[in-house]
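Numbering (UniProt numbering), first residue to last: 1 to 60. Right, one structure below, let's go through it.
This is the structure:
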């Protein structure tokens with residue numbers, strides 16, 4: 001599996017540094033990184049679980 005997610009320079013820090021795979025946790029995220037995670041990345045995780053109408057409204 002490819003874990004290389006790219007953001008523009010200065011947009012967000014390298015989130016792979018915040019991942020603890022042994023304990024399946026995120027740690028050490030700055031507030032902006034947390035905002036990027038909640039706004040952009042978590043939508044990808046929930047796409048398959050949400051009805052299309054809900055997912056579409058969230059991603060507008």
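No residue lacks a Cβ here, since even glycine has one placed at the ideal position from N, Cα and C.
For this session: Taking residue 42 as the reference, give the member of 52, 59 and 51 with the closest Cα.
Result: 59
Exercise. So what does residue 26 bridge to, in DSSP terms?
Worked result: 19
Exercise. Residue 52 to residue 46, Cα distance in whole Å?
Worked result: 11 Å
For this session: My understanding is that residue 27 touches residue 20, with C-beta atoms under 8 Å, so please give their C-beta distance in whole angstroms.
Result: 6 Å
Exercise. Nearest-angstrom Cα distance between residue 40 and residue 25?
Worked result: 18 Å
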